[in-house]
Amino acid sequence: MSAAPSVADVAPRGPSHRAVPLPRGRRSTELAMLCFAIGIMAFAYAAAGLGLNGHVPPGLVVYVAGFAALMAIAHLAVRRFTPWADPLMLPLAALLNGLGIVMIYRLQESGRKGNPGLPISTLTTHAALYQLMWTAVGIVAFIVVLVVIREPRVLQRYTYTLGTLGLILLAIPALLPASHSSVNGAKVWIILGGFSIQPGEFARIALAVFFAGYLVRKRDVLSLAGRRFLGIDLPRGRDMGPILVLWGIAMLILIFESDIGVAALFFGLFVAMLYIATQRKSWLLIGILLFLAGALLAGAIIPHVHERFTIWRHPFAPGTIQGSSYQLVQGLEGMAFGGIFGTGLGQGQPYRTPLVQSDFIFTGLGEELGLTGLMALLLIFGLLVQRGLRAALAVRDPSAKLLAAGLAFVLALQVFIIVGGVTQLIPLTGITTPFLSQGGSSLVASWIVIALLMRISDTARRPAPQSIQDEGLTQVVRAI
Amino acid sequence: MNRAIRRISIVSLAMFVVLMINVNYLQVFRVNSLASESYNPRVFSEQLKNWRGEIIAAGDQGNDMIVAQSKLVKGGLYKRFYPADRVYAPVTGYNSILGSTSPFGRTGIEQAENKYLAGTAPSLAVYNLKGLFTGKPKQGASVYLTISPRAQAAAYQALEAMGKPAAAVAINPRTGAILAMASYPSFNPNVYSTLDSGKLAKVDKRIRSNPDQPLLNRAINATFPPGSTFKLITSSAAFATHKVRDENSSIPAPRFYRLPGSHSTLANDAGAPCGNGHPPILFALTVSCNTAFAKLGVTVGGSALHSMANAYGFNNQKLTIPLPVTASAYPALTDPAQIALSSIGQFNDTETPLQEAMVAAAIANQGTLMRPYLVAQIKAPDQSTVQTAQPAVLAKPISPAVAGYLTTMMKSVTQDPGGTAYRTAGPGATSIVIAAKTGTAQNGVNNSHLDDAVFTAFAPADNPQIAVGVIVKGGGFGADGAAPIAVKIIQAYLRQQ
Chain A
138 MSAAPSVADV APRGPSHRAV PLPRGRRSTE LAMLCFAIGI MAFAYAAAGL GLNGHVPPGL
198 VVYVAGFAAL MAIAHLAVRR FTPWADPLML PLAALLNGLG IVMIYRLQES GRKGNPGLPI
258 STLTTHAALY QLMWTAVGIV AFIVVLVVIR EPRVLQRYTY TLGTLGLILL AIPALLPASH
318 SSVNGAKVWI ILGGFSIQPG EFARIALAVF FAGYLVRKRD VLSLAGRRFL GIDLPRGRDM
378 GPILVLWGIA MLILIFESDI GVAALFFGLF VAMLYIATQR KSWLLIGILL FLAGALLAGA
438 IIPHVHERFT IWRHPFAPGT IQGSSYQLVQ GLEGMAFGGI FGTGLGQGQP YRTPLVQSDF
498 IFTGLGEELG LTGLMALLLI FGLLVQRGLR AALAVRDPSA KLLAAGLAFV LALQVFIIVG
558 GVTQLIPLTG ITTPFLSQGG SSLVASWIVI ALLMRISDTA RRPAPQSIQD EGLTQVVRAI
Chain B
1079 MNRAIRRISI VSLAMFVVLM INVNYLQVFR VNSLASESYN PRVFSEQLKN WRGEIIAAGD
1139 QGNDMIVAQS KLVKGGLYKR FYPADRVYAP VTGYNSILGS TSPFGRTGIE QAENKYLAGT
1199 APSLAVYNLK GLFTGKPKQG ASVYLTISPR AQAAAYQALE AMGKPAAAVA INPRTGAILA
1259 MASYPSFNPN VYSTLDSGKL AKVDKRIRSN PDQPLLNRAI NATFPPGSTF KLITSSAAFA
1319 THKVRDENSS IPAPRFYRLP GSHSTLANDA GAPCGNGHPP ILFALTVSCN TAFAKLGVTV
1379 GGSALHSMAN AYGFNNQKLT IPLPVTASAY PALTDPAQIA LSSIGQFNDT ETPLQEAMVA
1439 AAIANQGTLM RPYLVAQIKA PDQSTVQTAQ PAVLAKPISP AVAGYLTTMM KSVTQDPGGT
1499 AYRTAGPGAT SIVIAAKTGT AQNGVNNSHL DDAVFTAFAP ADNPQIAVGV IVKGGGFGAD
1559 GAAPIAVKII QAYLRQQ
């Protein structure tokens, strides 16, 4: 509405005669924090080996040096292309990514080469190496985004292209035969040969860009008030179109891909961005009601979703504890086993939880790092979200603002849905934990999100070009 | 848009706060309840590193006997030992490395009292916490059983000597404390203690495929027809409904009884007459006339019999001692022919040996049936008491007066020279005055199998201290197949008093 952009992060304006200290890009802070993050990863890696078999893992130098090199390249790219970007985002993402690699290494070693525990059949002995390679791909994608998108508004040109692309990516798994798209009941993959990606991870980013462009153009119409009901201005009936279409698409995802998590993220992203664009609480209310109705409907008619509800309410039921709720129960018992301080990396039994390397990596970390470690991880995620929202507050371009807020919020929502799911706070859905889970799509997509947020943050924090002649007048600040 | 973004920030913050609270709740407050959840493989594998509590047979004053204990073996792991081998197997069960991960990982007291033995029960948290700070390995609590080592040993030896599938249960009628619970054939629980999972799978497969079913606890989880011992319940119902006044009242006892509404005819054993055809009920029970009690059952009626059987403990699906007990069955009947047969323990009546002992125990305790139980006490590692059993009334099937009539009748079974158990449980067999009832149950299709021998008794008749139920599958006459076993248990138990 009329709140002026936060001035703190924006270059000070005013008479140019006065010597104005340039705001600092704080790249050295970033480097120092990055070293800190890599240091933690190195220690965690050593601790995992010591905990498993009493030896520092032989691959320590390779892994840590490789990872550090990747982060150094990312840092140099940031120095070159987004010198004013937020200095915390890269180190926070690096820390999460590094801990993910360590955990996957620890899990792949379990029960193998004479280590204690049981081997995890769904995890190869190269999993950590692959994760490091996917990190490299993620960093390449990160740099490509920084290089190609020099200004956030460039994205506006591709609003509808990206919207179409996003929908196609979302739809592909539903259209493919199950053998090429289904893993553990969730039909959200494209599997070709030995190679598999989750297009939904990328679709979410494309759609966020699309929503940002679209909603900025339509927000004036969408924020028109219709009838007033219970103290809330309801939107006009004719403006309900977009949200109903989006809801319909979310329901189609649910029905054809059997996964409430992807649908919830997709719909949550849209509702949050719609609310931010229009500032109408009624959209939020309508969105939440539509989502709940959809979830309950899905629970009633889709057996897979219904089962998720049942095991959420009664995970310890004797009928399912050895079957469909086994994974959830093992995750919970693992966390309890870890307690406040955890067993220490390599010393717990996270291998007992099926798919602990992907959907349940949070409980695996909870078992070995304890409550202490989980609180730290949640704080890291929270900080990352907060830095994203901060960029959104500071940037002036409305579509960039909307995009940053949407990406930051959907990151928070993703963490909430998966962490809430594995800790029995909400029904479990199979989505990845950003940066931590094993899997290339999620990791690369997460790095693209960080690149976009850093690009927007750079735009927000970049000092305004000094005006050539001092007009001596207050600049008109467009109300946003 | 910034105001909305700020609000969205608050929503995001709230989501993280909720996650953090939930994680705290899980990893701090729910730790104990999750740890003691069965099917928790982590805790179990960790438990091999802890000293598991002992199981002690403590039914003989000052003569406690350890029947399950943990000893440190290689690699800092504790292994379970059962010094009494198969004698106590139906009581202790076994404790395998599968533990809570499998429904067959643990049985018997090892399963029922696992929380205490493993030390995961919330009431033991304080001891474990002490251990955490002193660095001692975690210790479980010890379980003290009501089992009398003498009675248990006598029971198992007598069953083994008989060599047929059988079980015996002895109860203290005043408290319900189980003094002996033996089953034959049994198994050696030590073989389940192996720390080698491959070996365990082999052993388990071998034992489970054994047609003798050594893992079956016949004392509480197998049911047999009660045969003539059910006449005690028919008599109880007759007294309670005032169809018969006391033990000297006469009841009709024809030589042949044509079952109402059918063409079948019921006779007494070997077609013998029953006294003068109108004998006192005392006589009818002493010699165990079928026609008298079949007719009496029809007079009393199906619903009165059903509720009396229920009061004695039949049809109870929920009884645990704390091992779960299979329900003994006495169906609610309306067809007079079926009622007639069920009154003499035939038709669809089935019972566990424990139920058999409970009938005698209720009569011995002046008509009050105490809840049977196996665990007398649970003691923490520092010997402080965590739990002590409180005897509780399960039901009062009959009045003290009726219990008196029944005691007189049961005494006559062993003391009257015409009684069915005069030879094997009477003055010639033991100096102890035993009150008893024999049963010889026909079974199988068209009664093609060997008869099951059934015997229920309590002693001394005037001052009851032990009630016994014995069932021997294919044991023939109750007096021959089952009574000697009960006598040996009674003698072993009362000698020590």
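Chains A and B, in that order, are what the protein sequence lines are. Residue 138 is where the first sequence starts when you use the working numbering, and the numbers rise one by one after that. Residue 1079 is where the second sequence starts when you use the working numbering, and the numbers rise one by one after that. The beta carbon of each residue, even a glycine, is placed where N, CA and C say it ideally should be. Note that the coordinates shown come from a computational prediction; the quantities given were computed from them, not determined experimentally.
Inset, instruction - Please work out which residues of its chain come closer than 6 Å, Cβ to Cβ, to residue 431 (chain A), disregarding the five sequence neighbours upstream and downstream, and give them in chain order. - result: Cβ neighbours of residue 431 (chain A) beyond the five flanking positions: 388.
Legend entry - Between the CA atoms of residue 1191 (chain B) and residue 1432 (chain B) - distance to the nearest angstrom: Cα-Cα distance, rounded: 20 Å.
Inset, instruction - Could you confirm whether any beta carbon from chain A is found closer than 8 Å to the beta carbon of residue 1449 (chain B)? - result: Under the Cβ distance rule, residue 1449 (chain B) does not count among the residues neighbouring chain A, no pair being separated by less than 8 Å.
Inset, instruction - Please list the partners that residue 1436 (chain B) has in chain A, where partner means a Cβ-to-Cβ separation under 9 Å. - result: The premise fails here: residue 1436 (chain B) is roughly 29 Å from chain A at the closest Cβ pair, so nothing lies under 9 Å.
Legend entry - Alpha-carbon to alpha-carbon, residue 1450 (chain B) and residue 1457 (chain B): Distance between the alpha carbons of residue 1457 (chain B) and residue 1450 (chain B) is about 20 Å.
Inset, instruction - Assign residue 598 (chain A) to one of three DSSP states: helix, strand, or coil. - result: If DSSP states are grouped into helix, strand and coil, residue 598 (chain A) belongs with the helices.
Inset, instruction - Take the Cβ of residue 1429 (chain B) as the centre, count every other Cβ of all protein chains shown within 10 Å, and call the residue buried at 16 or more, exposed below. - result: Burial check for residue 1429 (chain B): the Cβ neighbour count within 10 Å reaches 16 or more, so the residue is buried.
Inset, instruction - Specify the secondary structure class of residue 208 (chain A) as computed by DSSP and reduced to three states. - result: In this structure, residue 208 (chain A) counts as helix in the three-state DSSP scheme.
Inset, instruction - Find the nearest neighbour of residue 345 (chain A) within the set A:543, A:567, A:211 and A:435, judged by alpha-carbon distance. - result: Taking only the C-alpha atoms, the option nearest residue 345 (chain A) is A:543.
Legend entry - Secondary structure of residue 1486 (chain B), DSSP reduced to three states: Helix.
Legend entry - Rounded separation between residue 1100 (chain B) and residue 560 (chain A) - CA only: Rounded to whole angstroms, residue 1100 (chain B) to residue 560 (chain A) spans 7 Å at the Cα level.
Legend entry - Segments of 4+ residues assigned as alpha helix (DSSP H) that fall wholly inside the stretch 320-407 of chain A: Within the stretch 320-407 of chain A, the complete alpha helix (DSSP H) runs of at least 4 residues are 336-359 and 378-394.
Inset, instruction - Specify the secondary structure class of residue 415 (chain A) as computed by DSSP and reduced to three states. - result: Reduced to three states, the DSSP call for residue 415 (chain A) is helix.
Legend entry - Proximity of residue 595 (chain A) and residue 185 (chain A) at Cβ, strictly below 8 Å: No, they are not a contact pair.
Legend entry - Own chain partners of residue 1203 (chain B) with C-beta closer than 7 Å, once the 5 adjacent residues on each side are dropped: Excluding residues within five positions, the ones whose Cβ falls inside 7 Å are 1110.
Inset, instruction - Rank B:1311, B:1103 and B:1455 by C-alpha distance to the C-alpha of residue 1485 (chain B) and give the top, closest one. - result: Cα-wise, what sits closest to residue 1485 (chain B) is B:1311.
Inset, instruction - For the beta strand (DSSP E) holding residue 1147 (chain B), just list the boundary residues, first then last. - result: Per DSSP, residue 1147 (chain B) belongs to the beta strand (DSSP E) from 1143-1150.
Inset, instruction - Note the first and the last residue of the continuous beta strand (DSSP E) segment covering residue 1515 (chain B). - result: Counting along the chain, the beta strand (DSSP E) containing residue 1515 (chain B) begins and ends at 1513-1519.
Inset, instruction - Can you give me the Cβ contacts of residue 334 (chain A) inside the same chain, cut-off strictly under 8 Å, excluding the 5 residues immediately before and after it? - result: Correct list, in chain order: 326, 327, 577 and 578.
Inset, instruction - Can you tell me the Cβ-Cβ gap for residue 1297 (chain B) and residue 1247 (chain B), rounded? I've got them flagged as a contact below 8 Å. - result: Contact between residue 1297 (chain B) and residue 1247 (chain B) is confirmed by a C-beta separation of about 5 Å, below the 8 Å threshold.
Inset, instruction - Check the C-beta distance from residue 498 (chain A) over to residue 248 (chain A) and give it rounded, since I have them as a contact under 8 Å. - result: Not really, about 18 Å apart at Cβ, beyond 8 Å.
Inset, instruction - Evaluate residue 294 (chain A) with the Cβ neighbour count: other Cβ atoms within 10 Å of its Cβ, from every protein chain shown; 16 or more gives buried, anything less gives exposed. - result: Residue 294 (chain A) is exposed by the Cβ-count criterion.
Inset, instruction - Kindly list, in the order they appear in chain B, the residues whose Cβ is closer than 7 Å to that of residue 489 (chain A). - result: Correct list: 1119 and 1120.
Legend entry - Assigned exposure category for residue 1303 (chain B) - 16 Cβ within 10 Å defines buried: Residue 1303 (chain B) counts as buried, since at least 16 other C-beta atoms from the protein chains shown sit within 10 angstroms of its C-beta.
Inset, instruction - Check whether the stretch 1506-1522 of chain B touches the stretch 1556-1564 of chain B, counting contact only when three or more Cβ pairs, one atom from each stretch, lie closer than 8 Å. - result: Cβ pair count under 8 Å is three or more, so yes.
Inset, instruction - Give the straight-line distance between the Cα atoms of residue 1547 (chain B) and residue 1567 (chain B), rounded to the nearest whole angstrom. - result: Distance between the alpha carbons of residue 1547 (chain B) and residue 1567 (chain B): 10 Å.
Legend entry - C-beta atoms of residue 1329 (chain B) and residue 1359 (chain B) nearer than 8 Å: Yes, the Cβ-Cβ distance between residue 1329 (chain B) and residue 1359 (chain B) is below 8 Å.
Legend entry - Secondary structure of residue 484 (chain A), DSSP reduced to three states: When DSSP states are grouped into helix, strand and coil, residue 484 (chain A) belongs to the coil group.
Inset, instruction - At 9 Å on the CB atoms, spell out the chain A contacts of residue 1090 (chain B), in chain order. - result: Within chain A, the residues near residue 1090 (chain B) are 519, 522, 523, 526, 545, 546, 548, 549, 550 and 553.
Legend entry - C-alpha distance - residue 1232 (chain B) paired with residue 1570 (chain B), whole-angstrom precision: Straight across, the Cα-Cα distance linking residue 1232 (chain B) with residue 1570 (chain B) is about 6 Å.
Legend entry - Span separating the alpha-carbon of residue 1294 (chain B) from that of residue 255 (chain A): Between residue 1294 (chain B) and residue 255 (chain A), the C-alpha separation is close to 33 Å.
Inset, instruction - Starting from residue 1259 (chain B), follow its DSSP beta bridges and name the residues at the other end. - result: Secondary-structure assignment with DSSP links residue 1259 (chain B) through a beta bridge to B:1247.
Inset, instruction - Check each residue of the stretch 1274-1307 of chain B: if its Cβ is closer than 9 Å to any Cβ of chain A, include it; give the result in chain order. - result: Those would be none; no residue qualifies.
Inset, instruction - Measure the CB-CB distance between residue 1470 (chain B) and residue 1447 (chain B) and report whether it falls below 8 Å. - result: In this structure, residue 1447 (chain B) does not lie closer than 8 Å to residue 1470 (chain B) by Cβ.
Legend entry - Residue span of the alpha helix (DSSP H) that contains residue 1455 (chain B), given as start and end: Element bounds for residue 1455 (chain B): not the alpha helix (DSSP H) but the beta strand (DSSP E), 1453-1457.
Inset, instruction - Could you tell me whether the stretch 1262-1275 of chain B touches the stretch 1480-1494 of chain B, using the rule of 3 or more Cβ pairs below 8 Å? - result: Verdict: no, contact absent.
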